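Start counting the sequence shown at 12; every next residue gets the next number (my numbering).
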Amino acid sequence: MGAELSGVKVVLTGATGGVGRAVAERIARAGAEMLVIGRRAEPLEELASRHGARALVGDITERRFVHRFPDTLKELWDAGPDVLVNNAGLFELAPFGETGSEIFERLLAVNLRAPFELIRACLPGMLARGSGHIVNVGSVAGRKAFPGNAAYSASKFGLRGLHEVLVEELRGTGLRATWIEPSAVDTPLWDRFDPDGREDLPSRAEMLEPGAVAEAVFFALAQPAGVAVEEIVIRANPAGRRI
Ligand SMILES: NC(=O)c1ccc[n+]([C@@H]2O[C@H](COP(=O)([O-])OP(=O)(O)OC[C@H]3O[C@@H](n4cnc5c(N)ncnc54)[C@H](OP(=O)(O)O)[C@@H]3O)[C@@H](O)[C@H]2O)c1
Numbered sequence: 012m013g014a015e016l017s018g019v020k021v022v023l024t025g026a027t028g029g030v031g032r033a034v035a036e037r038i039a040r041a042g043a044e045m046l047v048i049g050r051r052a053e054p055l056e057e058l059a060s061r062h063g064a065r066a067l068v069g070d071i072t073e074r075r076f077v078h079r080f081p082d083t084l085k086e087l088w089d090a091g092p093d094v095l096v097n098n099a100g101l102f103e104l105a106p107f108g109e110t111g112s113e114i115f116e117r118l119l120a121v122n123l124r125a126p127f128e129l130i131r132a133c134l135p136g137m138l139a140r141g142s143g144h145i146v147n148v149g150s151v152a153g154r155k156a157f158p159g160n161a162a163y164s165a166s167k168f169g170l171r172g173l174h175e176v177l178v179e180e181l182r183g184t185g186l187r188a189t190w191i192e193p194s195a196v197d198t199p200l201w202d203r204f205d206p207d208g209r210e211d212l213p214s215r216a217e218m219l220e221p222g223a224v225a226e227a228v229f230f231a232l233a234q235p236a237g238v239a240v241e242e243i244v245i246r247a248n249p250a251g252r253r254i
């Protein structure tokens with residue numbers, strides 16, 4: 012077992028999903044102490060018990076959750092977490108005209124407003140200590156337009172804007188922020204859309220493995236304190252071979 016993140020206190024959202032699970036496994040192997048968050052209690056608690064982590068079952072878009080979050084953190088770790096990984100996310104694929112305002116608002120709430128609120132909850136403690144790391148999991152759809160991605164792209168472009176402001180504001184504070192930007196990843200996020208049966212989507216075999224994203228998160232976190240990895244862009248390379 013590596014010890015690169017030994018004792019590092021990490022809050023990870025979306026831990027029950029494909030990418031989140033892989034991140035949890037990778038950073039737990041490196042010694043991180045984790046608070047894992049998700050809505051589905053059973054898989055979350057199973058994951059937490061496997062890695063000696065704390066589980067927090069909840070919906071990150073709920074006002075009650077956000078309101079209570081700073082106290083939850085304080086009860087667990089008096090000085091607060093060292094790292095926040097904003098990984099939870101919701102995806103939708105629908106033409107513009109079929110994207111209802113409820114869906115639009117839902118995606119903004121999960122993918123943009125919730126990370127904003129969780130960052131706000133973690134920042135004061137981090138700034139007071141002069142150290143801390145915020146990781147925001149974005150998407151290629153937060154940089155490039157794809158048909159059917161109106162709501163998702165709006166949320167991920169927004170999150171990238173928020174991230175870039177954060178990077179500028181954190182300069183000189185000792186804190187760091189990393190944007191992780193994968194192309195399509197083979198996770199349950201695609202289950203509703205049958206990517207293997209559609210011409211307009213990458214097949215699962217052409218997608219990244221969740222472990223590739225987890226390695227990127229680990230890489231950013233494991234850097235010496237004097238090194239800030241502000242952005243990691245990861246794209247699938249389906250025809251790739253190991254050198
Ligand atoms: N898969 C891709 O192709 C891809 C590509 C680029 C970027 N990303 C990004 O990577 C991140 C992880 O995606 P994934 O592929 O791992 O998706 P996933 O397998 O569908 O997992 C999504 C995770 O988000 C959590 N979540 C969703 N809404 C929530 C809410 N309201 N409150 C609390 N937790 C909530 C889910 O928890 P519960 O299920 O327990 O509710 C689940 O753990 C997302 O930010 C996504 O946008 C994914």
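Glycine included, C-beta positions come from ideal geometry on N, C-alpha and C. It should be emphasised that the depicted structure is a prediction, and the values quoted were computed from it without experimental measurement.
Looking at Thr-83 and ligand 1, is the gap between the Cβ and the nearest heavy atom below 7 angstroms?
Not one heavy atom of ligand 1 is found less than 7 angstroms from the C-beta of Thr-83.
Compare the beta carbon distance of Leu-186 and Met-137 with 8 angstroms and say whether it is the shorter of the two.
yes
Would you say the beta carbon of Pro-92 comes nearer than 7 angstroms to a heavy atom of ligand 1?
Checking the Cβ of Pro-92 against ligand 1 gives no.
Arg-124 and Thr-72 look like a contact to me (Cβ under 8 angstroms); what is the Cβ gap, rounded to whole Å?
7 angstroms
Does DSSP classify Gly-208 as helix, strand or coil?
helix
Identify whether Gly-63 lies in helix, strand or coil by the three-state DSSP scheme.
coil
So the candidates are Ala-105, Val-228, Asn-147; which of them puts its Cα closest to the Cα of Ala-162?
Ala-105
How would you label Arg-93, buried or exposed, when you count the other beta carbons within 10 angstroms and need 16 or more for buried?
Before going further, note that residue 93 is Asp rather than Arg in the sequence given. Buried.
Cβ atoms of Val-21 and Glu-44: under 8 angstroms apart, would you say?
Yes; because the gap between Cβ atoms is below 8 angstroms, this pair is in contact.
Whose C-beta lies closer than 6 angstroms to the C-beta of Glu-242 among residues of the same chain, with five residues either side of it excluded?
Trp-190
Buried versus exposed call for Pro-199 [16 or more other C-beta atoms within 10 Å across all chains shown]:
exposed
Within its chain, find whatever has a CB closer than 6 angstroms to the CB of Thr-110; leave out the 5 residues flanking it on each side and keep chain order.
Excluding residues within five positions, the ones whose Cβ falls inside 6 angstroms are Ala-161, Ala-162.
Does the beta carbon of Val-238 fall short of 7 angstroms from some heavy atom of ligand 2?
Annotation note on ligand 2: not contained in the displayed structure, which lists ligand 1 as its ligands.
Mind checking whether Leu-101 and Leu-118 have CB atoms under 8 angstroms apart?
Yes, Cβ-Cβ distance for Leu-101 and Leu-118 is below 8 angstroms.
Look at the Cβ atom of Gly-49, then the Cβ atom of Pro-221, and state whether they are nearer than 8 angstroms.
no
Alpha carbon to alpha carbon, how far is Gly-18 from Gly-159? Give it in angstroms, no decimals.
42 angstroms
Rounded to the nearest angstrom, how far is the Cβ of Asp-197 from that of Arg-215, given a contact under 8 angstroms?
5 angstroms
Look at the alpha carbon of Asp-82 and the alpha carbon of Thr-27, and state the distance between them as a whole number of angstroms.
23 angstroms
Is Thr-189 helix, strand or coil by DSSP?
strand
Ala-152 versus Ile-145, Gly-208, Arg-171, Arg-74, residue with shortest Cα-Cα distance
Arg-171
Residue range of the beta strand (DSSP E) that includes Lys-20
20 to 24
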